[in-house]
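Notes for the one structure printed next.
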Amino acid sequence: MHEELLQISEDKTEYIKKGDMEQLSKLLIQERKQLQLITQIEADRQQQVEHIFNHLHIDSEDKTVSELLKYVNTEDEKREIEHHVTALVEIIVKLKQSEQLNNDLLQQSMQFVQFSLDMLQPSMKNMNYNEKSSGNETVKRSVFDSKA
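UniProt numbering puts the first residue of the sequence shown at 1, with every later residue one more than the last.
Quick look at the structure:
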C-alpha cells in the first residue's frame, strides 16, 4: 500500500512539472482513497500487534518491532521481519522526500503565478496621475474662480 502511495506521489511530481491540473486532481482523489486504505490497515495492524503481545504474555508498554524480535525464536523469522520493517521505512523516507519535492514545486509555481499576475496588473501608483509626472503643468482653478 505504501509503495502504491509512493508511486502516486511520484506521478504527482510529473503532473506538477507538466502543469496538468486535470490529472493532478484525479491523482489527489486516488491518493485520498489510498490513505484511507492505509489508515484501515494500520488500525488492523495495531490490533494484531496487541493480540500477539497478549498471546505471548508480553507486558511491555512499548509494542515495537524491536521488542517483538526479542521473542522470535528463529533467525530466519527475525531476518524476514527486519527486512520488511527496513523496506517499509525506506519507502516512507522516499515518500516523505517526494512529498517535500511536490510541496517545493507547488510553492515555486504559486510564486511564479503571483509574479506573473503582479507583472500583468499595473499598480495603483502607476494608474493615478500626479502633478510631476506630466510635462504640462496646468493651473488648478475652481469653477467658481471663472469670470462671468
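Cβ atoms here follow ideal geometry from the backbone N, Cα and C, with glycine treated the same way.
What's the call for residue i, buried or exposed, on a 16-neighbour Cβ count within 10 Å?
i: residue 5; result: buried
i: residue 96; result: exposed
i: residue 98; result: buried
i: residue 27; result: buried
Could you round the C-beta distance between residue i and residue j to whole angstroms and report it? I think they count as a contact, below 8 Å.
i: residue 17; j: residue 101; result: 10 Å between Cβ atoms; not a contact.
i: residue 78; j: residue 69; result: 6 Å
i: residue 3; j: residue 91; result: 6 Å
Could you spell out where the alpha helix (DSSP H) holding residue i opens and where it closes?
i: residue 102; result: 75-120
i: residue 58; result: Premise fails: residue 58 is in no alpha helix (DSSP H) and is neither H nor E.
i: residue 11; result: 2-18
i: residue 72; result: Taken as a continuous stretch (DSSP letters only), residue 72 belongs to no alpha helix (DSSP H), as it is neither H nor E.
Can you give me the Cβ contacts of residue i inside the same chain, cut-off strictly under 7 Å, excluding the 5 residues immediately before and after it?
i: residue 49; result: 63
i: residue 120; result: none
i: residue 20; result: none
Quick one: residues in its chain with C-beta nearer than 8 Å to the C-beta of residue i, no 5 flanking neighbours on either side, listed in chain order?
i: residue 167; result: Beyond the ends of the chain as shown, which are 1 and 148, falls residue 167; an answer cannot be given.
i: residue 34; result: 1, 4, 5, 8
i: residue 94; result: 6
Might you give, ordered along the chain, the residues of its own chain that have their beta carbon closer than 6 Å to the beta carbon of residue i, omitting 5 neighbours on each side?
i: residue 76; result: none
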